[in-house]
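Residue numbers (this note's numbering): 336 to 547.
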């Protein structure tokens, strides 16, 4: 249970990557009043949480309707995670392009929902991960763990975006990029584990040894 909870929280948090969204948040809300910035942070975090919860609830139903098996989705999800991790390691996240496209927006809700919540926070990697985690959950307790991890990640998003200006001043852009690359390296390991679990579930390779 503890291993599953740790994997769920770490993988969701690292994929959502709240610190990586700080530069885009600052650029998108530069002309907003402090009150509007706070509202944007709240709406973006709430939208991210609800999107992940919704996909956790119906994602696997959709996959069954499409005839996708769990091993296939585990492998695909792991590959998507690995590509996201590579982008994080190489600092190629497209925050600046999104910020430039949306910098003139007048609506806090519009900016918060897109591009901040979707696809920057609740992106393909995070969505596929919550679906894989729900498929791997063995009982109600582990399902609860997944939802708790999503909720806690949403709370961290809100706190991070509320503190975006102080975080940037203290870490600087270089510091933010370093943090993103470290998170990307850890995420790459999680992605490889997802692929190995999928290959083992499909009886292509032996079951990987338990951690520790």
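Note that the Cβ used here is the ideal one computed from N, Cα and C, for glycine as well.
Query	Result
Please report the straight-line C-alpha distance between residue 470 and residue 490, rounded to a whole angstrom.	24 Å
Quick one: what does DSSP say residue 474 is sitting in, helix, strand or coil?	coil
Suppose contacts are defined by Cβ-Cβ distances below 8 Å. Is residue 377 in contact with residue 493 by that definition?	yes
Given that a residue counts as buried once 16 or more other Cβ atoms are within 10 Å of its Cβ, and exposed if not, what is residue 540?	exposed
Measure the beta-carbon distance from residue 420 to residue 522 and round it to whole angstroms, keeping in mind my assumption that it falls under 8 Å.	4 Å
Label residue 338 either buried or exposed according to how many other C-beta atoms from any shown protein chain fall within 10 Å of its C-beta, with 16 as the threshold for buried.	exposed
Which residues bound the alpha helix (DSSP H) around residue 499?	499 to 536
Is it true that the CB of residue 412 sits closer than 8 Å to the CB of residue 527?	no
Between residue 452 and residue 361, how many whole angstroms is the CB-CB distance? I'm expecting something under 8 Å.	Contact doesn't hold; Cβ gap of about 16 Å is too wide.
If you compare alpha carbons, which of 386, 502, 544 is closest to residue 463?	386
Report yes if the CB atom of residue 348 is closer than 8 Å to the CB atom of residue 525, and no otherwise.	no
Taking residue 412 as part of the alpha helix (DSSP H), name the residues at either end of that continuous run.	405 to 424
Quick check: what's the CA-CA separation for residue 529 versus residue 456?	21 Å
Can you tell which of 497, 371, 368, 537 has the C-alpha that lies nearest to the C-alpha of residue 356?	497
What separation, rounded to the nearest whole angstrom, lies between the Cα atoms of residue 482 and residue 424?	28 Å
For residue 480, which residues of its own chain have a beta-carbon under 7 Å away from its beta-carbon, when the five flanking residues on both sides are left out?	339, 340, 343
Who are the near neighbours of residue 410 in its chain, counting only those whose CB is closer than 6 Å to its CB and skipping five residues on each side?	530, 533
Can you find the residues in the same chain that come closer than 6 Å, C-beta to C-beta, to residue 372, ignoring five residues on each side of it along the sequence?	364
Once the 5 residues before and after residue 380 are set aside, which same chain residues still bring their CB inside 6 Å of it?	489, 492, 493
Inspect the beta-carbon positions of residue 536 and residue 450 and report whether they are closer than 8 Å.	no
For residue 383, collect the residues of the same chain with a Cβ closer than 7 Å to its Cβ; drop the 5 residues on either side in sequence, then sort them by chain order.	351, 452, 456, 457, 489, 492
Excluding the 5 residues flanking residue 436 on each side, which residues of the same chain have their C-beta closer than 8 Å to its C-beta?	Low confidence applies to residue 436: its pLDDT is 49, below 50, so where it sits in the model is not reliable, and the reading given next is rough at best. Cβ within range, chain order: 450.
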